[in-house]
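Asker: Numbering (our numbering), first residue to last: 1101 to 1423.
Have a look at this one.
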Amino acid sequence: MLGLLAMAHLLQRRAGHPGSRILSVASYRPRTEVGNEQVAALIDSSDEWIRRRCGIESRRRAAPDEDVVMMAVAAAAKALAGAGVDPADVSAVLVATMSHRGPATTAAPLVADALGATDAAAMDLGAACAGFPYALATADALVRSGAAGYVVLVGAERMTDIIDERDRGTAFLFGDGAGAVVVGPAQTCEIGPVVWGSDGSGSELLRYDEAGILRMAGPEVFRWATSVVPDAAGRALDAAGLAAADLAAFVPHQANLRIITSTAKSLGLGPHVRVATDITTNGNTGAASIPQAMAALPDTTGPALLIGFGAGLSYAAQVVTLP
């Protein structure tokens, strides 16, 4: 009798999908481009010093009318158009951001409303510069479980709102912008297993001060990244069942050109693998950097290794098939 009662209360399960895939990628870059000379003048530095230290030549700065929501909507609308998906068919809108400021506590519901995805679930995901791969793993799980059909995922940042333009440790690194993807169902696995982790003992290395301004212990963060990122990247390849030679592209978080090149070297990437270096003309755009860098590789298809890392400290990596 007890067994029959237990069976009577079994919950119904949604039908899921064998896999998920990225259907389209799009980017929004603010109108104003800022070169190194303008930044260097405020931090007693030079164009040569900035290029040598991080590889950045210029970055974009958002105007007052280009807030996080506006940029997220612009990128997401382009991604939806590229995927051929009607906003009314979107089940969830995810916004990865660490810089959203304003009267609304979260950006995602505003983005969903502006897109016309009025019935979609909407939430912000805060994992700093690792936010995009964290949110991509979430989107993959939502689609495969059947909890969502199509998911719009946006990384959007106004990093210039949370940095001190006279801080020699951060002022030259960051830019603004947004990047978006649409994730939908697939018959095969085109978003590989996520490899992720965190180290809260290092949270002081990247933190907000009392005024809400981002402060960074640059050398310590660099050492952490160069030790963690290659290992996580290798484990993501193993989890996907691929070797470095199978990749078409490597798209890491655009934090520092030296980290990107050293990781590519440690992985033994061949000349056929396109390594994203969007940082040179876009700076570090936080959670937006990976989708923006993906959008800057329009002629590349096939497997791509993505990895994000940053404040928290946190990191996440996965292999995806580029649309």
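For every residue, glycine included, the Cβ atom is placed at its ideal position computed from N, Cα and C.
This structure is a prediction, so every number in the text was calculated from the model and none was measured.
Do you know how far the Cα of Ala1176 is from the Cα of Arg1160?
Answerer: Cα to Cα, the separation comes out at about 19 Å.
Asker: Return the first residue and the last residue of the beta strand (DSSP E) that Gln1287 is part of.
Answerer: Element bounds for Gln1287: n/a, residue is neither H nor E.
Asker: Could you check how far apart the C-beta atoms of Ala1163 and Arg1131 are, in whole angstroms? I think they sit under 8 Å.
Answerer: Sure, about 6 Å apart at Cβ, within 8 Å.
Asker: With a threshold of 16 other CB atoms inside 10 Å of the CB of His1372, please say whether the residue is buried or exposed.
Answerer: Per the 10 Å Cβ criterion, exposed.
Asker: List the endpoints of the continuous alpha helix (DSSP H) containing Gly1410.
Answerer: From DSSP, Gly1410 is part of no alpha helix (DSSP H) but of the beta strand (DSSP E) over 1402-1410.
Asker: Considering only the beta carbon of each residue, do Gly1279 and Met1394 sit closer than 8 Å?
Answerer: Contact: yes.
Asker: Which one of Ala1344, Ala1115, Glu1148, Val1195 has the shortest CA to CA distance from Gly1277?
Answerer: The residue with the shortest Cα to Cα distance from Gly1277 is Val1195.
Asker: Given this structure, state the Cα-to-Cα distance separating Leu1215 from Ser1124, to the nearest angstrom.
Answerer: Approximately 16 Å, taken between the alpha carbons.
Asker: Pull up the CB-CB distance for Ala1227 and Tyr1234, whole angstroms please, since I reckon it's below 8 Å.
Answerer: Right, the Cβ-Cβ distance comes to about 4 Å (below 8 Å), so this counts as a contact.
Asker: Roughly how many angstroms separate the alpha carbons of Ala1220 and Ser1191, rounded to a whole number?
Answerer: Roughly 5 Å separates the two Cα atoms.
Asker: May I ask you to list the residues that DSSP assigns as paired with Asn1384?
Answerer: In the DSSP output, where bridge partners are listed per residue, Asn1384 has Phe1274.
Asker: Check for me: the beta strand (DSSP E) holding Val1243 runs from which residue to which?
Answerer: It is not in any beta strand (DSSP E) - Val1243 instead sits in the alpha helix (DSSP H) that spans 1231-1245.
Asker: Taking the alpha-carbon of Val1232 as reference, which of Arg1374, Thr1385, Ile1379, Gly1255 has the nearest alpha-carbon?
Answerer: Strictly speaking, residue 1232 in this sequence is Phe, with Val absent from that position. Measuring from the Cα of Phe1232, the nearest candidate turns out to be Gly1255.
Asker: Are Ile1291 and Pro1352 closer than 8 Å when you measure CB to CB?
Answerer: No; because the gap between Cβ atoms is not below 8 Å, this pair is not in contact.
Asker: Less than 8 Å between the beta carbons of Glu1257 and Thr1385, yes or no?
Answerer: Contact flag set, yes.
Asker: Please classify Glu1257: does DSSP put it in a helix, a strand, or coil?
Answerer: If DSSP states are grouped into helix, strand and coil, Glu1257 belongs with the strands.
Asker: Just to confirm before moving on: does the CB-CB distance between His1117 and Ala1286 stay below 8 Å?
Answerer: Yes, they are a contact pair.
Asker: If I'm right that Val1251 touches Ile1122 with Cβ under 8 Å, what's the distance once you round it to whole angstroms?
Answerer: 10 Å between Cβ atoms; not a contact.
Asker: Taking the alpha helix (DSSP H) that Pro1092 belongs to, which residues open and close that run?
Answerer: The chain is shown only over 1101 to 1423; residue 1092 falls outside these bounds and no answer can be derived.
Asker: Does the beta-carbon distance from Thr1400 to Ala1348 come in below 8 Å?
Answerer: Result yes, Cβ atoms of Thr1400 and Ala1348 sit closer than 8 Å.
Asker: Would you say Ala1230 and Ala1416 are within 8 Å of each other, going by their C-beta atoms?
Answerer: Cβ atoms of Ala1230 and Ala1416: closer than 8 Å.
Asker: Classify Gln1112 as buried or exposed, calling it buried when 16 or more other Cβ atoms lie within 10 Å of its own Cβ.
Answerer: When all chains shown are included, Gln1112 counts as exposed.
Asker: At which residues does the beta strand (DSSP E) containing Ala1222 begin and terminate?
Answerer: Element bounds for Ala1222: 1221-1225.
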